[in-house]
Each structure stands twice: as structure tokens, then as C-alpha cells.
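Residue numbers (the working numbering): 4 to 176.
As C-alpha cells, then:
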């Protein structure tokens with residue numbers, strides 16, 4: 004079962020208790036687990052998802068208190084949209100989403116991914132503010148740009164290229 008490794012800040016917002024998190028990594032999904040953080044942009048709660056293996060990422064803006072309790076479904080919905088925006092075909096998207104039918108929550112476990120998340124959070128805040136704020140219609144393009152930023156944790160690779168490599172797809176920017 005794939006895991007969403009949530010920061011303590013996000014776990015608190017979700018109302019997760021230590022007993023609600025799993026300790027052992029049991030994943031059989033193609034993409035594997037993700038790290039998730041709650042960030043604040045323009046006084047709005049946003050949730051940043053970063054794939055552990057590829058640093059492929061996306062942001063869910065302006066998350067309400069009620070939505071925190073449905074984070075697994077929000078994750079699946081947004082992942083499907085972001086993959087479609089990246090040109091991943093319907094069959095592969097369906098296969099990837101099937102892997103995330105059941106999701107467990109866990110504590111963060113990678114300083115490398117957390118460091119990358121901090122960089123991405125800063126960049127998302129900058130670009131969202133530059134484009135007019137949290138409700139900008141440019142968010143899909145900002146997400147696309149963030150997956151085309153060289154991440155030092157990937158040995159000078161772009162997250163989109165790492166994702167394409169993992170999925171066995173031909174690279175295209």
C-alpha cells in the first residue's frame with residue numbers, strides 16, 4: 004500500500020494521531036510513496052505533494068478544513084489531472100491511479116525529499132504571488148514549470164524527466 008509521508012504540521016491539520024500512521028513501508032505501486040507538506044501562501048493553506056523517487060510535484064491550493072479529512076481522494080484527483088496535463092495516456096493514468104486505491108499515512112522519512120520540498124514551497128509561493136495570488140488561473144502552468152526545474156537531489160535532472168524515466172516513457176519537455 005503506497006504511503007503519503009505527512010509532515011507533523013499536516014498531520015495536525017488532518018487530525019491524525021500517532022496510531023493513525025503506519026511505520027513500515029509496504030508499497031507495490033509504480034510511483035511509490037510521496038511526501039506531503041502543509042504550506043501557507045497568501046494566508047491560504049496549500050498542500051504540496053512530492054514524489055519520493057522522482058521529485059515530481061504538484062500543489063493543491065486553498066485547502067479547507069473539511070478537505071484535510073479527504074486528503075487521499077484530493078491526492079488521487081489532482082494526480083490524475085496533473086498526469087493528464089503532462090500528456091500521460093489514459094491507460095497508464097488508470098494503472099497508476101489503481102495503485103493508489105488504498106493509501107496509508109506515515110511520518111516523513113527522507114531529509115533529501117524534505118529539503119527539496121522546502122525549495123519547491125519557496126518557488127511555488129514566488130510564482131503564485133507573481134501571477135496574482137492563490138486563485139491564479141496559471142496554477143497548472145506553474146505546476147508544469149516546477150516539474151521542469153533542475154533539482155540538485157536528482158543529480159541535475161528535472162522531475163518530469165525522472166518521472167518519464169521511471170514510467171519508461173520517451174522524454175519530452
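Backbone N, C-alpha and C define an ideal beta-carbon position, used for all residues, glycine too. This structure is a prediction, so every number in the text was calculated from the model and none was measured.
| Asked | Found |
| --- | --- |
| For residue 66 and residue 133, the rounded distance between their alpha carbons | 20 Å |
| Euclidean distance between Cα positions of residue 151 and residue 15 | 31 Å |
| Assigned secondary structure, residue 121 (DSSP; H/G/I helix, E/B strand, else coil) | helix |
| Which listed residue (147, 20 and 139) has its alpha carbon closest to that of residue 60 | 147 |
| Nearest neighbour of residue 122, chosen from 52, 70 and 166 [CA to CA] | 52 |
| Burial state of residue 162 (16 or more Cβ within 10 Å) | buried |
| Best match in 144, 11, 70 and 21 for proximity to residue 192 [C-alpha to C-alpha] | No information on residue 192 is available, as it lies outside the stretch 4 to 176 that the chain covers here. |
| Cut-off 7 Å between Cβ atoms - residues of its own chain near residue 89, not counting five sequence neighbours on either side | 163 |
| Inter-residue Cα distance where the pair is residue 138 and residue 62 | 12 Å |
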